[in-house]
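Worksheet for the structure shown next.
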Amino acid sequence: MRYTLLIALREFAENAKTKGFWIGIFMLPLILAISFGVSTKLAKSEPSRYFVVIDKSGAFAEPIDHSIEWEHQRSVLQALGQYAQENLRAGQKPEVNLATYQAAVDTFIAAGGKDAYLARLSPVLRENAPPFKEPTRLFVRVELPREIDAGASSDAVLAGLKPYLLGERRIAVNGGEAPLFAALLLEPDAVAGAMRWTGAEAIQYWSTNLAVNDLPELINNALNGETRRRLYVARGVDVASVREIEATWARLGRFDPGKAAGTETVSTADRIARNVPVAFVYLLWISLFTVMQMLLNNTIEEKSNRIAEVLLSSVTPNEIMMGKLLGIAGIGLTMVGAWLATVFIAAQLYHGAGAEVIGPAVDAVVASGMIPMFLLCFLLGYLIYAGLFLSIGALCNDIKEAQSFQGPMMLIMMVPLFTMIFINRDPHGTLATILTWIPLYTPFTMMNRAAADPPIAELVGATLLMIATALLLLWSAGRIFRMAMLRTGNRPKLAEIVQWVRGRADS
Amino acid sequence: MSGHVLELENVTKRFGDFTAVDDVSLSIPRGSIYGFLGPNGAGKTTTIRMIFDIIKPTSGYISILGASSALAVRRRIGYLPEEKGLYKAMTAAATVAYFASLKGLSRKTAKQRAYSLLERYGLGEFAGTRIQALSKGMGQKVQVICAIAHEPEFVVLDEPFSGLDPVNQQVLEKLIRDLALLGSTVLFSTHVMQHAERLCDRMLLIAKGRKIFDGTVASAKATIPRRVLISTESSIEPLAGLDGVAEIKQLGDSLTNPGAKDWEIRLHGQTNAQTSAQTILERCFQGGIVLRRFDHSEPSLHDAFVALVGADASIKESP
Chain A
271 MRYTLLIALR EFAENAKTKG FWIGIFMLPL ILAISFGVST KLAKSEPSRY
321 FVVIDKSGAF AEPIDHSIEW EHQRSVLQAL GQYAQENLRA GQKPEVNLAT
371 YQAAVDTFIA AGGKDAYLAR LSPVLRENAP PFKEPTRLFV RVELPREIDA
421 GASSDAVLAG LKPYLLGERR IAVNGGEAPL FAALLLEPDA VAGAMRWTGA
471 EAIQYWSTNL AVNDLPELIN NALNGETRRR LYVARGVDVA SVREIEATWA
521 RLGRFDPGKA AGTETVSTAD RIARNVPVAF VYLLWISLFT VMQMLLNNTI
571 EEKSNRIAEV LLSSVTPNEI MMGKLLGIAG IGLTMVGAWL ATVFIAAQLY
621 HGAGAEVIGP AVDAVVASGM IPMFLLCFLL GYLIYAGLFL SIGALCNDIK
671 EAQSFQGPMM LIMMVPLFTM IFINRDPHGT LATILTWIPL YTPFTMMNRA
721 AADPPIAELV GATLLMIATA LLLLWSAGRI FRMAMLRTGN RPKLAEIVQW
771 VRGRADS
Chain B
490 MSGHVLELEN VTKRFGDFTA VDDVSLSIPR GSIYGFLGPN GAGKTTTIRM
540 IFDIIKPTSG YISILGASSA LAVRRRIGYL PEEKGLYKAM TAAATVAYFA
590 SLKGLSRKTA KQRAYSLLER YGLGEFAGTR IQALSKGMGQ KVQVICAIAH
640 EPEFVVLDEP FSGLDPVNQQ VLEKLIRDLA LLGSTVLFST HVMQHAERLC
690 DRMLLIAKGR KIFDGTVASA KATIPRRVLI STESSIEPLA GLDGVAEIKQ
740 LGDSLTNPGA KDWEIRLHGQ TNAQTSAQTI LERCFQGGIV LRRFDHSEPS
790 LHDAFVALVG ADASIKESP
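As they're listed, the protein sequences go chains A and B. For the first sequence, the numbering used here begins at 271 and goes up steadily by one. For the second sequence, the numbering used here begins at 490 and goes up steadily by one.
Okay, here's the thing in structure tokens:
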């Protein structure tokens with residue numbers, strides 16, 4: 271055991287001393303933090319996008335303007351909610367409703383918008399609260415360029431707009447210039463054409479940007495709203511009443527029968543916790559993948575640098591193998607431990623938007639037993655994959671040779687990533703059940719199903735399967751390791767490897 | 490305590506149909522420097538790997554320091570394999586200390602021993618240098634130090650001189666002698682006969698997996714017939730039938746003496762070679778043989794090696 275520990279210690283120290291290890295430890299939380307921060311910043315600093323409307327029908331320009339403005343007011347209300355959360359005095363609650371469902375936004379607009387709400391919020395805000403910054407208007411309708419005659423044929427108008435839409439020319443905006451993001455062309459028969467699904471389109475949205483769908487969706491909402499309003503009027507329905515009725519929002523209570531009596535209500539935190547297994551699967555994958563690379567590289571180094579022979583004169587092949595397994599497992603656990611600790615500490619320290627949900631979600635994750643499950647899946651998954659990667663390392667003369675094995679192994683290891691979302695959505699479905707019983711995927715699948723309380727029989731069975739597979743693969747790896755570590759030159763054939771595993775070869 | 494640190498009895502190793510080591514027996518006396526010689530592919534490394542229980546013999550018995558497995562006495566033995574290699578990212582001192590601790594030394598003692606040995610063999614200033622930054626020769630010295638840091642009773646050095654420059658070869662020769670002086674037994678394999686000639690008390694020669702000689706260096710040299718080489722333009726008729734001469738053989742035209750021919754005069758093994766050579770020289774003067782060359786140098790171990798390896802792989806043993 272002393273020699274196994276000495277080897278484990280050296281493996282741990284060698285890997286822990288590398289820059290790669292420390293970059294790995296800090297990189298993942300850093301990338302997550304940067305991604306979160308950057309996406310939040312980018313969302314806040316998204317530039318205004320300008321579009322023109324050529325409304326030959328005379329029916330839709332105003333509803334579109336209204337729709338764009340309403341959406342902007344909704345984003346203002348959302349920003350106000352976040353502002354209030356960040357700047358409320360302790361123990362204070364805002365008097366106004368800062369939710370962003372339709373009726374709440376309508377109330378906000380009717381009450382006078384931002385200024386009115388800020389006036390009512392100010393008594394409960396911190397004294398040194400910064401001034402509220404209104405979000406940028408994401409979409410702004412501008413006038414057609416002067417040289418384009420709105421009354422000309424549609425083809426002529428579009429031909430005139432093309433240089434602007436292609437970025438060759440810039441449109442005049444508030445004394446300056448900006449690129450034209452989109453153009454909406456409404457033919458004279460647009461009202462009737464809106465419901466016509468054959469022939470030429472009476473309503474055409476032109477833009478080179480196919481990724482941003484917010485603007486066409488907003489326009490579509492406006493078109494639908496106006497078309498329906500006209501139909502209501504035509505049929506004598508009171509439009510104001512319809513609008514009022516449509517603004518209602520039914521309350522749906524969600525309950526989980528699996529929770530303790532009296533606490534069955536499903537909160538947002540519960541729903542987040544329910545999706546956490548996907549994050550754990552990803553963490554499991556990335557940690558296993560990282561440590562397997564280390565194990566493979568170290569094994570190949572010992573073989574290609576002929577260190578194995580010196581080691582074998584001092585310790586048994588099993589002591590070497592167990593030492594390597596322990597050392598690299600230590601590295602893996604340190605890495606995931608650091609990652610998990612970072613997430614929990616960050617969750618404790620975070621007080622920004624969504625903090626009221628993140629804290630309880632973390633508590634729910636801790637209470638759910640997912641962390642012990644993660645550690646179990648990591649350890650058994652580690653032993654299963656270590657059996658394979660140790661064998662590959664021992665069989666290859668150098669890293670180049672190992673790459674030919676790594677390709678197929680990578681593809682095999684990618685399956686849990688491709689399937690993790692589907693398994694999370696249907697944790698007891700056919701896919702989840704099948705993958706549970708394929709040993710290479712059992713750790714990932716069981717981790718993913720952890721929050722959905724899989725049947726106890728499956729849980730025990732899958733654990734036993736992982737243990738049995740790990741033992742079998744490590745036992746085989748032990749035999750391959752002993753035979754292959756001193757062998758150089760041509761890679762052994764499969765039949766020879768089978769002979770080694772069966773113990774029928776000359777050592 | 491047995492007088493032998495290592496005993497092999499009828500050891501054979503087969504890999505499938507190939508016999509790498511064929512019925513080899515040997516005994517290495519305690520405190521000796523023992524040469525293990527043989528051409529490439531003779532089975533030296535396979536034998537050494539069996540000695541260290543890295544691979545198992547197909548048949549036969551091995552006893553090392555009285556144990557049947559080297560792992561049982563790993564603290565008392567040291568090994569430098571033919572294929573040298575170390576962890577590139579480790580420093581020289583950490584490497585020596587690590588391998589010494591694998592041989593049973595406490596981590597503290599291993600560390601102290603590492604620094605002291607590196608200092609003694611001229612690598613003190615490189616103790617903190619990573620292996621990858623050392624020259625090949627320095628790396629090899631570090632590995633030799635790894636093999637002896639735990640002060641083993643028995644050290645096996647497989648081709649320790651390969652890749653070393655002449656200066657470092659001398660350092661290594663000194664190190665081997667130091668080990669013997671301190672009471673260790675050293676077994677080393679080599680292709681370079683000069684090292685064996687200078688260092689060995691005894692030597693074992695194997696070829697094609699079979700032992701072909703086991704004895705002292707002097708007795709190895711004695712296995713080849715003594716000879717006198719001459720170059721002359723004269724007839725060598727006067728030398729025919731001379732006492733002590735076993736055979737006279739023409740080697741062809743002399744390359745160094747134009748017009749002369751080279752002759753090899755083989756002497757009887759039983760006669761005094763010095764006396765026989767003197768008799769031949771006297772007969773040459775008496776018979777009017779004009780000599781361009783008269784060579785009666787001692788055969789080297791190299792000559793013995795070539796002669797023995799070239800001969801049938803029959804066992805030749807001498808005291």
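Glycine included, C-beta positions come from ideal geometry on N, C-alpha and C.
Determine the DSSP secondary structure at His-684 of chain B, reduced to helix, strand or coil.
Three-state DSSP puts His-684 of chain B in a helix.
For a test of the three-state rule: what should DSSP assign to Ser-803 of chain B, helix, strand or coil?
Caution is warranted here: a pLDDT of 43 is assigned to Ser-803 of chain B, below 50, making its placement in the model unreliable, and the coordinate value is therefore given only provisionally. It is coil, neither helix nor strand.
Can you tell me where the alpha helix (DSSP H) with Tyr-353 of chain A in it begins and where it stops?
Where Tyr-353 of chain A is concerned, the enclosing alpha helix (DSSP H) stretches over 331-357.
List, from N- to C-terminal side, the beta strand (DSSP E) runs of 3 residues or more that fit wholly inside the region 452-516 of chain A.
Runs of the beta strand (DSSP E) inside the region 452-516 of chain A: 473-476.
Let me know if Asn-718 of chain A comes out buried or exposed under the rule of 16 or more other beta-carbons within 10 Å of its beta-carbon.
Label assigned to Asn-718 of chain A: buried.
Considering only their Cβ atoms, is the gap separating Val-513 of chain B from Phe-822 of chain B smaller than 9 Å?
This structure cannot settle anything about residue 822 of chain B, because the visible part of chain B is limited to 490 through 808.
Give the residues from the region 482-504 of chain A that approach chain B closer than 8 Å (Cβ to any Cβ), ordered along the chain.
If the cut-off is 8 Å between Cβ atoms, the region 482-504 of chain A has nothing near chain B.
May I ask you to list, following chain order, the residues of the region 541-559 of chain B that have a beta carbon less than 8 Å from some beta carbon of chain A?
Of all residues in the region 541-559 of chain B, Phe-541, Ile-543, Ile-544, Lys-545, Thr-547 and Ala-559 have a Cβ within less than 8 Å of some Cβ in chain A.
Could you give the distance in angstroms between the alpha-carbon of Leu-627 of chain B and the alpha-carbon of Gly-741 of chain B?
A small fix is needed here, since residue 627 of chain B is Met in this sequence, not Leu. Their backbone Cα atoms lie some 47 Å apart in a straight line.
What residue does the beta strand (DSSP E) around Met-736 of chain A start on, and which one ends it?
Here Met-736 of chain A belongs to no beta strand (DSSP E); instead the alpha helix (DSSP H) covers 726-754.
Under a Cβ-count criterion, where at least 16 other Cβ atoms within 10 Å of its own Cβ denotes burial, should Ile-701 of chain B be classed as buried or exposed?
Classification of Ile-701 of chain B: buried, given that the 10 Å Cβ count is 16 or more.
Span of the beta strand (DSSP E) holding Pro-449 of chain A?
Note, Pro-449 of chain A: premise wrong, no beta strand (DSSP E); not H, not E.
Taking the straight line between their C-alpha atoms, what separation do you get for Asp-801 of chain B and Leu-515 of chain B?
Per-residue confidence for Asp-801 of chain B stands at a pLDDT of 45, beneath the threshold of 50, marking its modelled position as unreliable; the derived number appears in the next sentence. If I take the Cα positions, the gap works out to 19 Å.
Taking the Cβ atom as the reference point for each residue, do Arg-666 of chain B and Ile-522 of chain B lie within a distance shorter than 9 Å?
Yes, these two residues count as a Cβ contact at 9 Å.
What are the boundary residues of the alpha helix (DSSP H) that includes Glu-753 of chain B?
From DSSP, Glu-753 of chain B is part of no alpha helix (DSSP H) but of the beta strand (DSSP E) over 750-756.
Consult DSSP for Thr-618 of chain B and reduce its assignment to one of helix, strand or coil.
The answer is coil: DSSP assigns Thr-618 of chain B none of H, G, I, E or B.
Rank A:Ser-557, A:Leu-312 and A:Val-580 by C-alpha distance to the C-alpha of Val-631 of chain B and give the top, closest one.
Residue A:Val-580 is the option with its Cα nearest to Val-631 of chain B.
Residues in the region 573-596 of chain B with C-beta within 8 Å of chain A's C-beta atoms, listed in sequence order?
Result list: Lys-573, Gly-574, Leu-575, Tyr-576, Lys-577, Ala-578, Met-579, Tyr-587, Phe-588, Ser-590, Leu-591 and Lys-592.
Asp-526 of chain A to Asn-367 of chain A, Cα distance in whole Å?
Rounded to whole angstroms, Asp-526 of chain A to Asn-367 of chain A spans 28 Å at the Cα level.
According to DSSP, simplified to helix, strand and coil, what is Thr-580 of chain B?
Three-state result, Thr-580 of chain B: strand.
Give the secondary structure of Pro-547 of chain A by DSSP, where H, G and I count as helix, E and B as strand, and everything else as coil.
Of the three classes helix, strand and coil, the one that applies to Pro-547 of chain A here is helix, per DSSP.
Going by C-alpha to C-alpha distance, which of A:Met-684, A:Asn-575, A:Gly-437 and A:Arg-416 sits closest to Ile-669 of chain A?
For Ile-669 of chain A, the nearest C-alpha among the options comes from A:Asn-575.
Under the rule that 16 or more other beta-carbon atoms within 10 Å means buried, what is Gln-618 of chain A, buried or exposed?
Looking at its Cβ environment, which holds fewer than 16 other Cβ atoms inside 10 Å, Gln-618 of chain A is exposed.
Based on DSSP bridge pairs, tell me the residues matched to Lys-510 of chain B.
Before going on, a small fix: residue 510 of chain B reads as Val here, not Lys. BP columns for Val-510 of chain B point to B:Lys-502.
Locate the alpha helix (DSSP H) running through Gln-618 of chain A, then write down its first and last residues.
587-619 is the extent of the alpha helix (DSSP H) around Gln-618 of chain A.
Quick one: measure Cβ to Cβ for Leu-298 of chain A and Trp-609 of chain A, integer angstroms, because I've assumed they're closer than 8 Å.
The pair is a contact, with the Cβ atoms about 6 Å apart (cut-off 8 Å).
Decide if Phe-810 of chain B is buried, meaning its Cβ has at least 16 other Cβ atoms within 10 Å, or exposed.
Residue 810 of chain B lies beyond the stretch modelled for chain B, which goes from 490 to 808, so this question has no answer here.
Along chain A, which residues have their Cβ under 9 Å away from the Cβ of Cys-635 of chain B?
Those within 9 Å of Cys-635 of chain B in chain A are Val-580.
Spatial neighbours of Ile-634 of chain B within its chain, please: CB distance less than 8 Å, with the 5 preceding and 5 following residues excluded, ordered by chain position.
Only Val-585, Ala-603, Leu-606, Leu-607, Tyr-610 and Leu-612 meet the Cβ criterion.
Give me the subset of the region 719-733 of chain B whose CB atoms are less than 7 Å from a CB atom of chain A, sorted by chain position.
The region 719-733 of chain B vs chain A, Cβ under 7 Å: nothing.
Anyone know if the C-beta pair for Leu-493 of chain A and Ile-324 of chain A falls short of 9 Å?
No.
Since Asn-667 of chain A meets chain B, which of its residues come closer than 8 Å, beta carbon to beta carbon?
Within chain B, no residue comes near Asn-667 of chain A; the closest Cβ sits about 12 Å away, beyond 8 Å.
Determine the contact status of Asn-694 of chain A and Arg-761 of chain A, defining contact as a CB-CB distance below 9 Å.
No.
I want to verify the contact list: residues of chain A whose CB lies under 7 Å from the CB of Pro-641 of chain B, in sequence order.
Simply none; closest approach about 11 Å.
Pull the bridge partners of Phe-738 of chain B from the DSSP assignment, please.
Correcting the residue identity first, residue 738 of chain B is Lys in this sequence and not Phe. Answer is B:Glu-753, bridged to Lys-738 of chain B.
For the region 499-528 of chain B, list every residue whose C-beta sits within 9 Å of some C-beta in chain A, in sequence order.
Here the close residues are Lys-502, Arg-503, Phe-504 and Gly-505.
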